[in-house]
Amino acid sequence: IRSMALCQRALATEASGVTFPLTFSNPYKAIHHNSPVKQVDIPSTTGHFGILPNHVPTIAILVPGVVAIHTESGDVHKYFVSSGTATIHADASVQILAEEICEASDIDVTAARAGLEAAQSKLTAASLESDKAIAQIEIDVYQSMIATA
Amino acid sequence: AVVSTQSGHYGRGGMATLKDIEMRLKSVKNMKKITSSMKMVSAAKFARAERALKPARAYGTGAASLYEKNDFDTSGKDSVLLALSSDRGLCGGIHSNVGKMVKAAHAETPITKAIIVGDKAKAILVKVIGDTFLSCFNNVGKKPTSFTDALDIAEEVLSHDYDTINIVYSKFKNIVSYNTEEKPVPSLESVESNAAIYVYDEVDSEVLRCYQEFTLANIIYHSMKECEASEQSSRMSAMENATKNAGEKIDALTLQYNRTRQAVITRELIEIISGASALE
Numbered sequence: 050i051r052s053m054a055l056c057q058r059a060l061a062t063e064a065s066g067v068t069f070p071l072t073f074s075n076p077y078k079a080i081h082h083n084s085p086v087k088q089v090d091i092p093s094t095t096g097h098f099g100i101l102p103n104h105v106p107t108i109a110i111l112v113p114g115v116v117a118i119h120t121e122s123g124d125v126h127k128y129f130v131s132s133g134t135a136t137i138h139a140d141a142s143v144q145i146l147a148e149e150i151c152e153a154s155d156i157d158v159t160a161a162r163a164g165l166e167a168a169q170s171k172l173t174a175a176s177l178e179s180d181k182a183i184a185q186i187e188i189d190v191y192q193s194m195i196a197t198a
Numbered sequence: 563a564v565v566s567t568q569s570g571h572y573g574r575g576g577m578a579t580l581k582d583i584e585m586r587l588k589s590v591k592n593m594k595k596i597t598s599s600m601k602m603v604s605a606a607k608f609a610r611a612e613r614a615l616k617p618a619r620a621y622g623t624g625a626a627s628l629y630e631k632n633d634f635d636t637s638g639k640d641s642v643l644l645a646l647s648s649d650r651g652l653c654g655g656i657h658s659n660v661g662k663m664v665k666a667a668h669a670e671t672p673i674t675k676a677i678i679v680g681d682k683a684k685a686i687l688v689k690v691i692g693d694t695f696l697s698c699f700n701n702v703g704k705k706p707t708s709f710t711d712a713l714d715i716a717e718e719v720l721s722h723d724y725d726t727i728n729i730v731y732s733k734f735k736n737i738v739s740y741n742t743e744e745k746p747v748p749s750l751e752s753v754e755s756n757a758a759i760y761v762y763d764e765v766d767s768e769v770l771r772c773y774q775e776f777t778l779a780n781i782i783y784h785s786m787k788e789c790e791a792s793e794q795s796s797r798m799s800a801m802e803n804a805t806k807n808a809g810e811k812i813d814a815l816t817l818q819y820n821r822t823r824q825a826v827i828t829r830e831l832i833e834i835i836s837g838a839s840a841l842e
């Protein structure tokens, strides 16, 4: 149902070029504060989806992955986020808050690969369920980081 | 040196001796050095806190936007008070204003549960609402607040049942002023029971629970950053005033010292001269 509504909206607003105010921030750095952007793609627990102007109001939880912001000028900026929340309000404003944000260009692939190997060995060595879950989360994060870079 | 030992003789009758004034002068000069250096340290910490406050505000207002754009019930009877202060004093009225606001709120509706952050607020409030303390946090104020600190506090808050949290904190206005404010945050139950939340698409209990937890930590983080900036700027002006007062006191004491010194010399001259004229 959501994808249908998105398609309708995509068809409707593609031509109009309307923007919406985006706040994209972590506790230490606000990358955008009510800046007008055209589109944002976010990785959420219910899947990867894109936000266009006047998206239906939604609350989503972010999973580690890539946030892609399409600015007014047409550039696409990619950021890797750790986790957080995304809120889309009825007045079309969007707040994406993440605990850690890093620019895709800043990702060190070698370090990420090393981390992935360490996490994989941790998973095989883990005995407790909670340790296994933590190791699995680390593996997911490193894999998405490597995919982003 | 000769003058000061002889001045002890003139200490009777309540007049300050030269030695007394000298000691006071020395201690006030030391005090001025200390308050002046404290002011400079606060100024540096304030610059850092103000810089950190800017993104924290964007982050915190973004987090609270859900509650601002929708009217969730925050008048719940079962509320938890979260008082934010720090461990260190000499910052003007920061801690006492938080205490005042809490006492006023307690007089209106008795507080039943409280979580206190900072030893100063704890000391002020323990006599009034000490039996309602669920837990206290200290080690606040030495280093800048990090998001992990806010997470720890949020975790503690969420481990209790409540309808609303009332956060009492010092909101930074500008370098010379701050406002002590009370910010209510609705609980998961308050939000779930309000029809307004279902305007939002794809909202299920699990998503809402994670969202509420994260948002609470964000709001606490923002409030703590406001407190930090308010406290450092308040300490800066308190130390500036103390330094200015110490400077004025030094001037007054120096004048008094010189006058006393001259009076002692005059008296000795009179003694010598009258002694000499008596011999003739």
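Heads up: the sequence lines are chains A and B, in that order. Numbering-wise (my numbering), the first sequence opens with residue 50 and increments by one. Numbering-wise (my numbering), the second sequence opens with residue 563 and increments by one. C-beta atoms are modelled at their ideal positions from N, C-alpha and C, and glycine is treated no differently.
For this session: From the DSSP output, read off the bridge partner residues of H81 of chain A.
Result: DSSP, once it has assigned bridges, lists A:F73 as partnering H81 of chain A.
Problem set entry | Meets three-Cβ-pair contact criterion under 8 Å: the stretch 781–790 of chain B and the stretch 143–162 of chain A | Two segments are said to touch when three or more pairs of C-beta atoms, one from each, lie closer than 8 Å; by this definition the stretch 781–790 of chain B does not touch the stretch 143–162 of chain A.
Exercise. In three-state DSSP terms, what is T579 of chain B?
Worked result: T579 of chain B falls in the coil class under three-state DSSP.
Problem set entry | Alpha-carbon spacing of N756 of chain B relative to S627 of chain B, whole angstroms | Spanning the two alpha carbons is a distance of roughly 16 Å.
Exercise. Mind checking H97 of chain A: buried by the 16 CB within 10 Å criterion, or exposed?
Worked result: Exposed, because fewer than 16 other Cβ atoms sit within 10 Å of the Cβ of H97 of chain A.
For this session: Compile a chain-ordered list of the residues in the stretch 97–112 of chain A whose CB is closer than 8 Å to at least one CB of chain B.
Result: Flagged, chain order: V105, P106, T107, I108, A109 and I110.
For this session: Give a yes or no on whether the minimum CB-CB distance between R797 of chain B and chain A is below 7 Å.
Result: False, the Cβ-Cβ gap to chain A never drops below 7 Å.
Exercise. Going by the CB atoms, is the gap between I583 of chain B and Q824 of chain B shorter than 7 Å?
Worked result: The beta carbons of Q824 of chain B and I583 of chain B sit no closer together than 7 Å.
Problem set entry | Simplified DSSP assignment, three categories, for D189 of chain A | The answer is helix: DSSP assigns D189 of chain A an H, G or I state.
Problem set entry | CB of Y621 of chain B within 7 Å of CB of I108 of chain A, strictly | Cβ distance not < 7 Å, so Y621 of chain B and I108 of chain A don't count as in contact.
Exercise. What three-state label does DSSP hand Y773 of chain B in the structure shown?
Worked result: Assignment of Y773 of chain B by DSSP, reduced to helix, strand and coil, places it in the helix class.
Exercise. Can you tell me the Cα-Cα spacing of T579 of chain B and P706 of chain B, whole angstroms?
Worked result: Rounded to whole angstroms, T579 of chain B to P706 of chain B spans 48 Å at the Cα level.
Exercise. Does V765 of chain B have its Cβ less than 7 Å from a Cβ in chain A?
Worked result: Interface residue, yes.
Exercise. Using a beta-carbon distance below 7 Å, is K581 of chain B in contact with chain A?
Worked result: By this cut-off, K581 of chain B is not an interface position.
Problem set entry | Rounded C-alpha distance that separates K811 of chain B from M585 of chain B | In a straight line, the C-alpha of K811 of chain B is about 13 Å away from that of M585 of chain B.
Problem set entry | M797 of chain B burial status per 10 Å Cβ neighbour count (16 or more: buried) | Looking at the sequence shown, residue 797 of chain B is not Met but Arg. Buried, because 16 or more other Cβ atoms sit within 10 Å of the Cβ of R797 of chain B.
Problem set entry | Cβ-based neighbour list, K662 of chain B, same chain, cut-off 8 Å, excluding 5 preceding and 5 following | Correct list, in chain order: T742.
Problem set entry | I596 of chain B: CB within 6 Å of a non-hydrogen atom of the ligand ADP | Inclusion of the ligand ADP in the displayed structure is not the case, the ligand content being empty and no account of it being possible.
Exercise. Going by other Cβ atoms of all chains shown within 10 Å of its Cβ, with 16 needed for buried, is M801 of chain B buried or exposed?
Worked result: Buried, since its Cβ has 16 or more Cβ neighbours within 10 Å.
For this session: For the stretch 81–146 of chain A, list the beta strand (DSSP E) runs that are entirely contained and at least 3 residues long, ordered along the chain.
Result: Entirely contained in the stretch 81–146 of chain A, the beta strand (DSSP E) runs reaching 3 residues are, in chain order, 96–100, 107–111, 114–120, 125–130 and 133–137.
Problem set entry | Any C-beta of chain A under 7 Å from that of G703 of chain B | So no, G703 of chain B is outside the interface.
Problem set entry | C-alpha gap between F634 of chain B and Y191 of chain A, whole angstroms | The straight-line gap from Cα to Cα measures roughly 39 Å.
Problem set entry | 7 Å Cβ cut-off: residues of chain A touching V690 of chain B | For V690 of chain B, no chain A residue has a Cβ inside 7 Å of its Cβ, as the nearest lies near 33 Å away.
Exercise. In the stretch 772–796 of chain B, which residues sit with their C-beta less than 8 Å from some C-beta in chain A, listed in chain order?
Worked result: The stretch 772–796 of chain B vs chain A, Cβ under 8 Å: C772, Y773, F776, T777, N780 and Y783.
Problem set entry | Below-7 Å beta-carbon distance, K745 of chain B vs any chain A residue | No Cβ of chain A is located within less than 7 Å of the beta carbon of K745 of chain B.
Exercise. Helix, strand or coil: which one does DSSP assign to F695 of chain B?
Worked result: DSSP places F695 of chain B in strand when its eight states are reduced to three.
For this session: Pick out the complete beta strand (DSSP E) segments inside the stretch 672–725 of chain B, 3 residues or longer, and give them in chain order.
Result: 675–679 and 695–699, all fully within the stretch 672–725 of chain B.
Exercise. Okay, do the stretch 637–646 of chain B and the stretch 718–726 of chain B touch, 3+ Cβ pairs below 8 Å being the bar?
Worked result: Touching, yes.
For this session: Tell me, please, which residues DSSP counts as bridged to T636 of chain B.
Result: T636 of chain B is not bridged by DSSP to any residue.
Exercise. Among A:K181, A:D180, A:I91 and A:V158, which has the Cα closest to the Cα of G114 of chain A?
Worked result: Looking only at A:K181, A:D180, A:I91 and A:V158, the smallest Cα-Cα distance to G114 of chain A is reached by A:I91.
Exercise. Do we get a CB-CB distance below 7 Å when we pair L628 of chain B with the residues of chain A?
Worked result: Using a Cβ-Cβ cut-off of 7 Å, L628 of chain B counts as an interface residue toward chain A, since at least one Cβ of chain A sits closer than that to its own.
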